[in-house]
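Protein sequence lines, in the order shown, are assigned to chains W and Y.
Going by our numbering, the residue at position 120 of the first sequence is 342; the numbering climbs one at a time, nothing skipped.
Going by our numbering, the residue at position 31 of the second sequence is 65; the numbering climbs one at a time, nothing skipped.
Idealized CB from N, CA, C, for every residue including glycine.
Everything numeric in this text was worked out from a predicted model, so none of it was measured.
Written below as C-alpha cells is the structure these notes are about.
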Amino acid sequence: MSTSTQEKPASRVPATTRARRRPFGRPLLYTSYSSEMALFNTGTKKLGITLLLLLGAAMPFLLPDRQLQTLATGCVWSIGAIGLMLVTGYAGQVSLGHPVFIGIGAYTAAVLSGDPNGRTLGFGIEEIWIWLPAAGIVAALFGILVAPLATRLRGLYLAIVTLGLVFIASYFFAAFSEISGGTNIGRSSATPVLFGERLNVSGPMFTRDQKIFWLVFVLLVIFAFAARNIARSRVGRAFTAIRDRDIAAGVMGVNLARHKTVAFGVSSFYAGCCGAVFYIVTGFFVPEKFDLEMAVLFIAMVLVGGVGTISGAIMGAFFFAFLPEITRRVPQFIPFISGSDTSTPNVHQLETVLYGALIILFLIFEPRGLYGIWMRIRNYWKAWPFSY
Amino acid sequence: MRLTARRTWTAVAAALVLVTGLAGCRSEETPPSGGGDGAIKTDFGVTEEPCPNAIDSNKGCIYLGIISDLTVGPFAPLAVPITEAQKAFWNRVNKNGGIGGQYEVDVTTYIRDNKYNPQTHNEVYQEIKPNILALAQTLGSPTTAAILEDLKASSIVAVPASWTSLWNYEDVILESGANYCIESMNAIDWARSARPNIQKVMAVHYPGDYGDDAAAGARYAAETLGLEFVDQRTDPGQDKQDGAIAAILAERPDLVILTAAPAETAVIVGGIGAQAQQSGYAPMIIGTSPTWNPALLNTPAKPALEALYFQSGPWSSWGADTPGHQAMRAELTPTPDPLSDGYTAGWVWNYPLKAALEKAFENGDLTRAGVLAAAQSLTSVDYEGMLPEGSGNYAGGPNGSMVRVTTISKPDASAPTGVSEVQPLTAGPTASGFQAGPTACYLS
Numbered sequence: 223m224s225t226s227t228q229e230k231p232a233s234r235v236p237a238t239t240r241a242r243r244r245p246f247g248r249p250l251l252y253t254s255y256s257s258e259m260a261l262f263n264t265g266t267k268k269l270g271i272t273l274l275l276l277l278g279a280a281m282p283f284l285l286p287d288r289q290l291q292t293l294a295t296g297c298v299w300s301i302g303a304i305g306l307m308l309v310t311g312y313a314g315q316v317s318l319g320h321p322v323f324i325g326i327g328a329y330t331a332a333v334l335s336g337d338p339n340g341r342t343l344g345f346g347i348e349e350i351w352i353w354l355p356a357a358g359i360v361a362a363l364f365g366i367l368v369a370p371l372a373t374r375l376r377g378l379y380l381a382i383v384t385l386g387l388v389f390i391a392s393y394f395f396a397a398f399s400e401i402s403g404g405t406n407i408g409r410s411s412a413t414p415v416l417f418g419e420r421l422n423v424s425g426p427m428f429t430r431d432q433k434i435f436w437l438v439f440v441l442l443v444i445f446a447f448a449a450r451n452i453a454r455s456r457v458g459r460a461f462t463a464i465r466d467r468d469i470a471a472g473v474m475g476v477n478l479a480r481h482k483t484v485a486f487g488v489s490s491f492y493a494g495c496c497g498a499v500f501y502i503v504t505g506f507f508v509p510e511k512f513d514l515e516m517a518v519l520f521i522a523m524v525l526v527g528g529v530g531t532i533s534g535a536i537m538g539a540f541f542f543a544f545l546p547e548i549t550r551r552v553p554q555f556i557p558f559i560s561g562s563d564t565s566t567p568n569v570h571q572l573e574t575v576l577y578g579a580l581i582i583l584f585l586i587f588e589p590r591g592l593y594g595i596w597m598r599i600r601n602y603w604k605a606w607p608f609s610y
Numbered sequence: 035m036r037l038t039a040r041r042t043w044t045a046v047a048a049a050l051v052l053v054t055g056l057a058g059c060r061s062e063e064t065p066p067s068g069g070g071d072g073a074i075k076t077d078f079g080v081t082e083e084p085c086p087n088a089i090d091s092n093k094g095c096i097y098l099g100i101i102s103d104l105t106v107g108p109f110a111p112l113a114v115p116i117t118e119a120q121k122a123f124w125n126r127v128n129k130n131g132g133i134g135g136q137y138e139v140d141v142t143t144y145i146r147d148n149k150y151n152p153q154t155h156n157e158v159y160q161e162i163k164p165n166i167l168a169l170a171q172t173l174g175s176p177t178t179a180a181i182l183e184d185l186k187a188s189s190i191v192a193v194p195a196s197w198t199s200l201w202n203y204e205d206v207i208l209e210s211g212a213n214y215c216i217e218s219m220n221a222i223d224w225a226r227s228a229r230p231n232i233q234k235v236m237a238v239h240y241p242g243d244y245g246d247d248a249a250a251g252a253r254y255a256a257e258t259l260g261l262e263f264v265d266q267r268t269d270p271g272q273d274k275q276d277g278a279i280a281a282i283l284a285e286r287p288d289l290v291i292l293t294a295a296p297a298e299t300a301v302i303v304g305g306i307g308a309q310a311q312q313s314g315y316a317p318m319i320i321g322t323s324p325t326w327n328p329a330l331l332n333t334p335a336k337p338a339l340e341a342l343y344f345q346s347g348p349w350s351s352w353g354a355d356t357p358g359h360q361a362m363r364a365e366l367t368p369t370p371d372p373l374s375d376g377y378t379a380g381w382v383w384n385y386p387l388k389a390a391l392e393k394a395f396e397n398g399d400l401t402r403a404g405v406l407a408a409a410q411s412l413t414s415v416d417y418e419g420m421l422p423e424g425s426g427n428y429a430g431g432p433n434g435s436m437v438r439v440t441t442i443s444k445p446d447a448s449a450p451t452g453v454s455e456v457q458p459l460t461a462g463p464t465a466s467g468f469q470a471g472p473t474a475c476y477l478s
C-alpha cells in the first residue's frame, strides 16, 4: 500500500502538521495533526456533508411552500440554538436570557429596514448584508454587558439572573412602542433585500418561501461552520475547560473572565442574527413573544439536541420546529385530544406540555440527546455485523 | 467504517431515491385546474364536490375562512355570537340555492382562533390559506393589519370584524358600516345636540388601529367644532384602568368617547359613576360600538351605565324592523341567550361578500382575482334594509365607500340587547362634511 504525500510548495507549515492524504483502508490512522483535526476527516463525513448540503439546497424544488416554511423556521431556530449551545453547552454558562438577545436582534433589524413612513420607527435600509451583521453586533454588545454576571455567578444562580433579564427586556420591548408597536399590536419584521432582489416577495421564477428558505439555509451553513471552527479552536477548548472544571481551568491559565465574556458575546451575536431573520417567514411579530416560553424552548433545543455539539443544536432545533406538525396529527390517533382551541385537552396544550416533558425524559434516559441517539446508531452500524 | 466505492454509490443512490420520492410533493402547490363546468374559472377554495354538510349534494362548494377571537382575547364575548350569526347567514344563503344556483358556501370547516394576537392570527391564516377562496371574517384591526400585505399579494378578499377607517382605503377588505372615525364625529355631534354646553372632549382609547382611529375622529370633530380635546390611551385589562379613571377625574371633560372592550367599560364607567355621587361630576360617556356588551347590565356598574353611558353603533340593534333584521331573527331561532348585537354585526357583514361572490359568478370567474375584481366593481350592496341605499359603494373609492350614518342608543335593561335607540341611523353635520383624506384617519 503506497502512501502519497502531498507537499505544499514552499510553505511554512511544518511537515508534521501538514495535511496529508490518508491511507485507504486504515480509518483510525492519522499521519498529521491537521488531517486529524480537520472538520471532515473521514471520507464518509465528506460524502455525508456533501449529500446533505445538496439535499438541503434542492428542498425548495421538492417540498410545498408550507413545509418549506417549517424547514426555514428550523434553520432560523438552529442559528439561535447554536448560539445558546456555545454559551451553555460548550462554555457551561447556563443562560436563560437568550430571548433578550433574539429580541434585540429582531428589533434592530426591523428598525433598520423598516418603512420610514410607517407607524413604527424605521430607517429603510433594506439590504440584508447591512442589517443582519448590525443586528448581531448590537446584540453582542448587550451580551458583553451581561457577561460580568457570569464571572460572579455560577450554575443555578446565573440561570435565575439571566431569567430576570428576560422580564426586564419584556418590559422594555412592550414600553418602547415606537420600536415594537406596543403590546398586542406588534410591527412588521425586517425586510430582506439582497442587492436589489426582494426576498420576501414571490418573483417570476421562485416563490417567497423558496427564496427565504435558501437565504436562511445559506446563513445556517455559514454560522454552523463558524461555530464548529470556534469549538475546535483554542477558544473552544478553553470553553470546554471552563465547563468541566472552571477552577481547574483558571489554575491552568485560562482567563476565565475573558473567555466568559467572549462566550456571551459570540452567543449573543448568533442570537441577534437569529432574531433578525426569525420573523421573516411570518412577516409580523409582537413584543410579548420574547418571554419565558421562548427561553425554555431554546434550552429544550440545546438539551434535547445534545449538549456540547453543534450538530446536536441543529437536530434539536429541527425537532422542535417539526413538533407542531406531529402534534397536529395526534387527534387522529388519540381522540380525546382535540384539534380545536376551544376544548381541553387540545393540541396546543399538548405541545406546551411536551416541551417540558421531553427535557425531563431526555435528561433521564438519553443525556446526550438526539446526537447521542445518532451516535448509538452510527456505532452500531460501524461495527455491524459484530455489534455486540 | 471504510468508505469503499460501493458504499459511496449506495449512499448517492439512496439520496436520489429520497429526492425523487419528495419530488412529487411540490406539484400540489399549483391550484386545482378550473372547475368541471368549463364556464366558471376557479382556483383556490372552490370544489365541484359538495360541501361536508351540504343541503343539496349536487352543488359544488365554496370554502370561506373565519379567523376570530374565540377563546381568550378581549372580544371573545362578541366574537362567538358574530361567528354563529355568520354560520346562520350562509346557511340561509345555501337554503335559498347558494351562489348562482351552483355552489353552496361552507364557513364551518376553516374556523380558527386568533387569541386577538397578530402573530397567532398570521400563523392560523397561513394554515388555512391554501384551502379558502376568501375570508368571511378576520377579527380585530391590528390582527388584520398583520395579514394585510399577504391578502393583497394573494388577492384574497376579506371581511373584517372591525370598522377602522383604513379599510376604506384597502381594496381587498369588504367593510360594512361607518368606521370608528365617522362614528366618533357623529357621537360628538349628537352629544352637542343633547347637551349644548359641552366644551371639553376626551378620547379614552386602546392603542393601535381600533382606538387610535376613534380618537382621530374625535379630535377632528373637536377641532372642527371648536371644542377642547384631550387624548388618553389605556391598555387592555380590567386591572389597568386606574390611569384612565384618574385622568378623566383630573381633566373633567364634559364628554368622554370611550373606545375599549366591554370589560374595561364596566370598570371605567363604574369608577366614574362612583365619583359622580360624591362630587357631582357626571360626564356623558359615549362608547364606540365594540365597547358594549349587554352582560354589563348584570355587573355592579349597572347604575352608572344607566346614568352616564350611551352607545354608538353602525346599524340598528337586534330588535329593529327591517327585512334583514327579520330574516336574521327568523334564522337565529330560538333567540340566542345571552343575546347581544354581536349577532347583528355577524349577520350584516356578510352582504358585501355575498354580492361579490354572486357578481363574480355572473362574470364566470370565481378565482380569487375574479372575486376581488367583482367586489371592487360593486356600486351598491343590498343590505335588506339594515343599511341605507347606496351603502357598499366600493367602486367609489375611499370617499364614496365611507358610510356616514350611525345610531346612538342608551342602556335599557328591558330591551332585547340591553340598549334602546335614542337616535336612528343619522349622519351628523361633521361627518357629512368630512372629505376622506389620502390615508386612514389615524395615520394622517
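Can you give me the Cβ contacts of residue i inside the same chain, cut-off strictly under 6 Å, excluding the 5 residues immediately before and after it?
i, result
"A88/Y", "E138"
"V301/Y", "Q272, Q275"
"A338/Y", "V303, G304, G307"
"D246/Y", "Y476"
Just the chain W side, please: which residues come within less than 8 Å of residue i by C-beta, in chain order?
i, result
"E183/Y", "S410, G505"
"A45/Y", "L269, G270, L273"
"N156/Y", "T504, G505, F506"
"C59/Y", "L284, L285, P286, Q289"
"A249/Y", "Result: empty, since nearest Cβ-Cβ is about 14 Å, beyond 8 Å."
"A39/Y", "Within chain W, no residue comes near A39/Y; the closest Cβ sits about 10 Å away, beyond 8 Å."
With DSSP collapsed to three states, give me the class of residue i.
i, result
"A294/Y", "coil"
"L50/Y", "helix"
"Y417/Y", "coil"
"G467/Y", "helix"
"S102/Y", "strand"
"F542/W", "helix"
"D140/Y", "strand"
"S67/Y", "A caution first: S67/Y carries a pLDDT of 49, below 50, which makes its placement in the model unreliable, though a value can still be read off. Three-state result, S67/Y: coil."
"M318/Y", "strand"
"V206/Y", "coil"
"D287/W", "helix"
"K444/Y", "strand"
"T330/W", "helix"
"P458/Y", "strand"
"T117/Y", "helix"
"K93/Y", "coil"
Taking 7 Å as the threshold (beta carbon to beta carbon), is residue i in contact with chain B?
i, result
"T42/Y", "Of the protein chains in this structure, namely W and Y, none is chain B."
Starting from residue i, find everything on chain W with Cβ-Cβ shorter than 9 Å and list it in chain order.
i, result
"C215/Y", "What C215/Y touches in chain W: nothing, since even the nearest Cβ is about 16 Å away."
Could you pull out every residue in the same chain whose Cβ sits closer than 7 Å to the Cβ of residue i, ignoring the five residues on either side in sequence?
i, result
"E209/Y", "P194, W197, W201, N202"
"V438/W", "A294, C297, V298, V499"
"Y312/W", "A453, G458, F461, T462, R465, G530"
"L421/W", "P414, V415, K433, I434, L437"
In chain Y, what lies closer than 8 Å to residue i by C-beta?
i, result
"P567/W", "Here the premise fails: no neighbours, minimum Cβ distance about 14 Å."
"N406/W", "Y150, N151, P152, P176, G242, P270"
"S399/W", "P241"
Just the chain Y side, please: which residues come within less than 7 Å of residue i by C-beta, in chain order?
i, result
"A280/W", "V53"
"K511/W", "Q153"
Using a cut-off of 7 Å between C-beta atoms, extract the partners of residue i located in chain W.
i, result
"S56/Y", "Residue identity check: residue 56/Y is Leu in the sequence provided, not Ser. Simply L284, L285."
"A49/Y", "L273, L277"
Select from the stretch 371-395 of chain W all residues with a C-beta closer than 9 Å to any C-beta belonging to chain Y, and list them in chain order. none
In the stretch 442-519 of chain W, which residue ranges form an unbroken alpha helix (DSSP H) of at least 4 residues, counting only runs that do not cross its ends? 456-466, 468-474, 478-500
Could you name the residues of the stretch 307-338 of chain W whose beta carbon sits closer than 8 Å to any beta carbon of chain Y, in the order they occur along the chain? none
At what residue ranges does the stretch 380-404 of chain Y contain a whole run of the beta strand (DSSP E), taking only runs of 3 or more? none
Please name the residues in the stretch 278-306 of chain Y whose beta-carbon is closer than 7 Å to at least one beta-carbon of chain W, in chain order. none
Fully enclosed by the stretch 167-253 of chain Y, which alpha helix (DSSP H) runs are 4 residues long or longer? 175-188, 214-228
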